[in-house]
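Trainee: Be aware that the sequence shown starts at 1, since it is given in UniProt numbering, and climbs by one per residue.
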Amino acid sequence: MLPLLLVLAAVLGLAVGSFLNVVIHRVPRGESLIRPGSHCPRCGDAVRPRHNVPVFGWLALRGKCATCKEPISARYPLVEVGTALLFAAITARFGWSPELPAYLYLASIAVALAMIDLDVQRLPDAIVLPSYLVGLILLAPAVIASGDWGQGLRALAAMAALWVFYKLLTIVRPGGMGLGDVKLAGVLGLYLGWLGWDALLIGAFAAFLIGGLAGGALLAARRANGKTAVPFGPYMLLGAFLAIFAAGPVAGWYLSLLPPA
1 MLPLLLVLAA
11 VLGLAVGSFL
21 NVVIHRVPRG
31 ESLIRPGSHC
41 PRCGDAVRPR
51 HNVPVFGWLA
61 LRGKCATCKE
71 PISARYPLVE
81 VGTALLFAAI
91 TARFGWSPEL
101 PAYLYLASIA
111 VALAMIDLDV
121 QRLPDAIVLP
131 SYLVGLILLA
141 PAVIASGDWG
151 QGLRALAAMA
161 ALWVFYKLLT
171 IVRPGGMGLG
181 DVKLAGVLGL
191 YLGWLGWDAL
201 LIGAFAAFLI
211 GGLAGGALLA
221 ARRANGKTAV
231 PFGPYMLLGA
241 FLAIFAAGPV
251 AGWYLSLLPP
261 A
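#1: Taking DSSP's pairing of strands, which residues face P71 in a bridge?
#2: With 16 other CB atoms within 10 Å as the buried threshold, where does G212 fall?
#3: Using the rule of at least 16 other Cβ atoms within 10 Å of the residue's Cβ for burial, across every protein chain shown, is G37 buried or exposed?
#4: Using a Cβ-Cβ cutoff of less than 8 Å, which residues in the same chain neighbour T67 once the five nearest sequence positions on both sides are dropped?
#5: Bridge partners for H39 per DSSP, in chain order?
#6: Return the chain-ordered list of same chain residues with a C-beta closer than 7 Å to the C-beta of L237, the five sequence neighbours on each side being excluded.
#7: Going by beta carbon distance, what residues of the same chain come within less than 7 Å of V27, once the five residues before and after it are set aside?
#8: Rank A142, G63, A217 and I24 by C-alpha distance to the C-alpha of V120 and give the top, closest one.
#9: Would you kindly report the start and end of the unbroken alpha helix (DSSP H) that includes F208?
#10: Can you check the segment 131 to 170 for any beta strand (DSSP E) of at least 3 residues that lies completely inside it and give the ranges in chain order?
#11: Under 6 Å Cβ to Cβ from V16, same chain only, skipping five residues before and after it: list those, please.
#12: With F232 as the anchor, note down where its alpha helix (DSSP H) starts and where it stops.
#13: Is it a yes or a no for the segment 52 to 65 touching the segment 75 to 89, going by three-plus beta-carbon pairs under 8 Å?
#14: Indicate the three-state DSSP secondary structure (helix, strand or coil) for R29 in the structure shown.
#15: Does DSSP put G176 in a helix, in a strand, or in coil?
#16: Taking all protein chains shown into account, decide if P3 is buried (16 or more other Cβ within 10 angstroms of its Cβ) or exposed.
#17: According to the Cβ coordinates, are A240 and L188 closer than 8 Å?
#18: For the segment 90 to 106 against the segment 183 to 197, do three or more pairs of beta-carbon atoms, one drawn from each stretch, fall closer than 8 Å, so that the two count as touching?
#19: Judging by CA-CA distance, which residue of V81, I90, I244 and G30 is the nearest neighbour of G6?
#20: Is the beta carbon of A60 less than 8 Å from the beta carbon of G13?
#21: Could you check where the alpha helix (DSSP H) with P101 kicks off and where it finishes?
#22: Cα-Cα, which of R154, G186 and G215 is closest to Y166?
#23: For L255, count the other beta carbons within 10 Å of its own beta carbon; 16 or more makes it buried, fewer makes it exposed. Which is it?
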């Protein structure tokens, strides 16, 4: 059953990834996600249905618009494939469980927010703020199914804790963090808190570790300096997903290093 479920998750991820390409392009511009339909951003010609098939449409066009022949960025199929792989990984992690829809939703917004933040250094409220309500709604069945209301309360506490932590960072070091990072922190706190305090701590630590290493690499390569604005959202999201997949093993390894009580 699991292999079939992974295949179905990957196919769903391809379809969602195709829609996320629209989200990534249009939300920062304040454009509708519905109208107009998919079209070439250069010549405006509508994309034919057969060319709208994830990945295969881009391959059939050989990476060029059917009308104006302008190149179509390879990022489109990469987003689709990346989303498919992430959906399959999330499904392998949670299986057919009440939590699965919630974490598939998190994967979807993570892809969109990471790409948008890299493009325009902004985490749109139109995606982040509704994710609080959506996350609570999608995790509610898991609380009901498990009957563990303490786990639900822990998720809420973690949501508030990570939001406050990032808010304090903006006060201590103005300009170091954007308000979008603070808002995203609450969403990530909800999902990580559901998994446990260890997941929350590992996710937060990993974000700063990865961000620091990436910043150091950019400085070493002279592609940035001390005043260069670097989007932190992608590192927050990457740290969160590292925690989702590795929090249990990492916490177990750390506890094994401690002397017996």
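Where a beta carbon is used, it is the ideal one built from N, C-alpha and C, also for glycine.
Mentor: Let me spell this out:
#1: Looking at the DSSP assignment, P71 forms a beta bridge with K64.
#2: Exposed, by the Cβ-count rule.
#3: With fewer than 16 other Cβ atoms within 10 Å, it is exposed.
#4: Excluding sequence neighbours, T67 sits near C40, C43 and D45.
#5: Answer is A46.
#6: For L237, the CB contacts under 7 Å within the same chain, skipping 5 residues up- and downstream, are A110, L113 and A114 in chain order.
#7: The answer, listed in chain order, is I116, P124, A126 and I127.
#8: Taking only the C-alpha atoms, the option nearest V120 is I24.
#9: Start and end: W197 to A220.
#10: Fully enclosed beta strand (DSSP E) runs of 3 or longer: not present.
#11: Spatial neighbours of V16 in its own chain (CB-CB distance under 6 Å, excluding positions within 5 residues in sequence) are listed in chain order as T83 and S108.
#12: For F232, no alpha helix (DSSP H) segment is defined, and its DSSP state is neither H nor E.
#13: Segments in contact, yes.
#14: Residue state, collapsed to three classes: helix.
#15: It is coil, neither helix nor strand.
#16: P3 is classed as exposed because its beta carbon has fewer than 16 other beta carbons within 10 Å across all chains shown.
#17: In contact: A240 and L188 (Cβ atoms closer than 8 Å).
#18: Result yes; three or more Cβ-Cβ pairs closer than 8 Å.
#19: Note that residue 6 is Leu in the sequence shown here, rather than Gly. The option with the nearest alpha carbon to L6 is I90.
#20: A60 is not a Cβ neighbour of G13, given a cutoff of 8 Å.
#21: That run of the alpha helix (DSSP H) goes L100 to V120.
#22: Per the C-alpha coordinates, the member of R154, G186 and G215 positioned closest to Y166 is G186.
#23: Low per-residue confidence applies at L255: pLDDT is 49, beneath 50, and the placement is therefore not dependable, though the value from the model is reported in the following sentence. By the neighbour-count definition (other C-beta atoms within 10 Å, threshold 16), L255 is an exposed residue.
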